[in-house]
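Colleague: Sending over a structure as structure tokens; questions will come in a sec.
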Amino acid sequence: MATSKKIKTIGVLTGGGDCPGLNAVIRAVVKTAYGHYGMEVLGIRDGFEGLIHGKQHIMKLTPDAVRGILPRGGTILGTTNRGNPFAFVPAGSKAKPKNMSRAAIANFKELGLDALVVIGGDGSLGIGLDFFKLGLPVVGIPKTIDNDLSATDYTFGFNTAVNTATEAIDKLHTTAESHHRIMFLEVMGRNAGWIAMESGISGGADIILIPEIPFDIKTVCRRVEARSRHGRMFSIAVVAEGAKPLGGKEVYADETARRLGGISHSIARDVAKLTGHETRVTVLGHVQRGGSPSAFDRLLGTRFGAAAVKLVADRQFGRMVCLRGMNIESVTLEQATGVLKTVPPDGELVRAARDVGITLGDPDRD
Ligand code: F6P
Numbered sequence: 002m003a004t005s006k007k008i009k010t011i012g013v014l015t016g017g018g019d020c021p022g023l024n025a026v027i028r029a030v031v032k033t034a035y036g037h038y039g040m041e042v043l044g045i046r047d048g049f050e051g052l053i054h055g056k057q058h059i060m061k062l063t064p065d066a067v068r069g070i071l072p073r074g075g076t077i078l079g080t081t082n083r084g085n086p087f088a089f090v091p092a093g094s095k096a097k098p099k100n101m102s103r104a105a106i107a108n109f110k111e112l113g114l115d116a117l118v119v120i121g122g123d124g125s126l127g128i129g130l131d132f133f134k135l136g137l138p139v140v141g142i143p144k145t146i147d148n149d150l151s152a153t154d155y156t157f158g159f160n161t162a163v164n165t166a167t168e169a170i171d172k173l174h175t176t177a178e179s180h181h182r183i184m185f186l187e188v189m190g191r192n193a194g195w196i197a198m199e200s201g202i203s204g205g206a207d208i209i210l211i212p213e214i215p216f217d218i219k220t221v222c223r224r225v226e227a228r229s230r231h232g233r234m235f236s237i238a239v240v241a242e243g244a245k246p247l248g249g250k251e252v253y254a255d256e257t258a259r260r261l262g263g264i265s266h267s268i269a270r271d272v273a274k275l276t277g278h279e280t281r282v283t284v285l286g287h288v289q290r291g292g293s294p295s296a297f298d299r300l301l302g303t304r305f306g307a308a309a310v311k312l313v314a315d316r317q318f319g320r321m322v323c324l325r326g327m328n329i330e331s332v333t334l335e336q337a338t339g340v341l342k343t344v345p346p347d348g349e350l351v352r353a354a355r356d357v358g359i360t361l362g363d364p365d366r367d
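What follows is the structure, given as structure tokens:
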């Protein structure tokens, strides 16, 4: 399908969970496409689901349409975690998944699109790769607050989430100290503990529990008791939602939907029982995904958006833009998907945390 005719119109969609900075990317795609390359942009609503439905899910994106969206959280295009055209199940339906990829490709052609920019995490970029293999000219832009895509040093949205979690830790500190309580803050991070690590260190937590380092509840209690022996009657623990005890499992808020959540409640109960200290839990949840993007995320999103349009103009399809050190580069969609970037248990970040006295909950290190 990728011919050498001039690129006139590109489609752009946002897939998977939203995050701060998506609108900065959309704005940069539109401004670069129109201003620099003279291309038109069509926005596809609600991720790949919009491509299945076609015309009624399309919005024309002109520079006027994206005016003022740089500081806005969320995505003006809408998004969904469902809507995989290769295994499509309509919202609320219990029907068997159906392959609707042909309908999506037919709509791509009918809309007169010459390229498709997919802004998404591992799942959406994987779908983009499947379409690329079927001949669709796809370019990817990485997105996730979890920062767990291996091909890029940072994804936009992560920095804002870390700032939100750090602010929450600052607030918990004052009330923890007043009431002599042990406070547990549960943050997002399904398979990777990046948000917990970076916010925990930035917020001065005493305990950080992440999926990569299974914890021993006795180590957690020892830290709480050691602090109180030294007159520090409160402690702050930051817990990634995917953290699990040694030999144990993650805790799900909804097992069927595989939605994590609630591990900090059981840890807090155990710590209260074993130490006699009063405990409280805050589950930060989707607050981390909302709100205005930080300057870092606006900048990274803008650079990604502009670079993605350049890839399109250069016909570098099947690739995803990424950040390597200080530079925006690109990798193939194959390299971009499938490998998670988790926190190295013996890496510098964990070492720095241990050096400043934070426990990671593992028994043999504390
Ligand atoms: O992958 C991003 C993420 O925010 C995870 O950290 C979290 O587990 C999940 O999405 C929540 O998804 P949902 O918005 O479907 O509840």
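Start counting the sequence shown at 2; every next residue gets the next number (the working numbering). Beta carbons are placed, not taken as given, at the ideal position from N, Cα and C, and that holds for glycine.
1. Give me the Cα-Cα distance between I70 and T280, rounded to the nearest whole angstrom.
2. Between G75 and L126, is the Cβ-Cβ spacing less than 9 Å?
3. I'd like the span of the beta strand (DSSP E) that includes T333, first residue to last.
4. DSSP puts I142 in a beta bridge; with which residues?
5. Given a cut-off of 9 Å, decide if A353 and L361 are closer than it, judged by their beta-carbon atoms.
6. Locate the beta strand (DSSP E) running through A241, then write down its first and last residues.
7. Less than 8 Å separating the Cβ of T261 from some heavy atom of the ligand F6P?
8. Pairs of beta-carbons, one from the stretch 78-87 and one from the stretch 118-134, closer than 8 Å: are there three or more?
9. Suppose you measure from the CA of H174 to the CA of T220; what does that come to, to the nearest Å?
10. Would a C-beta distance cut-off of 9 Å place I177 and I264 closer than the cut-off?
11. Does the distance from the CB of T63 to the CB of Y35 come in under 9 Å?
12. For S331, which option in T343, T303, A308, V272 has the closest C-alpha, if you only look at C-alpha atoms?
13. Please state if the CB of E242 and the CB of E168 are separated by a distance shorter than 9 Å.
14. Between the stretch 286-303 and the stretch 150-160, can you find at least three pairs of beta-carbon atoms closer than 8 Å?
15. Are G302 and V26 closer than 9 Å when you measure CB to CB?
16. By Cβ distance below 7 Å, which residues in the same chain neighbour T10 in space, the five residues on each side in sequence not counted?
17. In three-state DSSP terms, what is A3?
18. Mind pulling the alpha helix (DSSP H) runs of 4 or more residues that sit fully within the stretch 291-356?
19. Measuring only the C-alpha atoms, how far is T289 from F89?
20. Say the cut is 8 Å; is the CB of M189 nearer than that to a heavy atom of the ligand F6P?
21. Using CA atoms only, rank isn't needed, just tell me which of A166, T165, I146, F109 is closest to P138.
22. Along the chain, where does the beta strand (DSSP E) that runs through I209 open and close?
23. Looking at C-alpha atoms only, which residue of D347, D363, V31, T343 is the closest neighbour of R191?
24. Given 8 Å as the limit, tell me if Q289 has its C-beta closer than that to any heavy atom belonging to the ligand F6P.
25. Let me check you understand the geometry: is the CB of T167 closer than 8 Å to at least one non-hydrogen atom of the ligand F6P?
Modeller: Reading it off the structure:
1. A straight-line Cα-Cα distance of about 41 Å links I70 and T280.
2. no
3. 328-333
4. I120
5. no
6. 236-241
7. Sequence inspection shows Leu at residue 261; the Thr mentioned does not correspond to that position. The answer is yes for L261.
8. yes
9. 21 Å
10. The sequence as given places Ala at residue 177; Ile does not occur at that position. Result no, Cβ atoms of A177 and I264 do not sit closer than 9 Å.
11. yes
12. A308
13. Between E168 and E242, the C-beta gap is not smaller than 9 Å, which leaves the two residues out of contact.
14. yes
15. yes
16. M40, E41, L43, G113, L114, D115
17. Because A3 sits at a pLDDT of 46, beneath the cut-off of 50, its placement in the model cannot be relied upon, and the point is left open.
18. 296-314, 334-337, 349-356
19. Contrary to the premise, residue 289 reads as Gln rather than Thr in this sequence. Cα to Cα, the separation comes out at about 28 Å.
20. yes
21. F109
22. Start and end: 208-210.
23. T343
24. Result yes, Cβ under 8 Å from the ligand F6P.
25. Incorrect: T167 has no Cβ contact closer than 8 Å to the ligand F6P.
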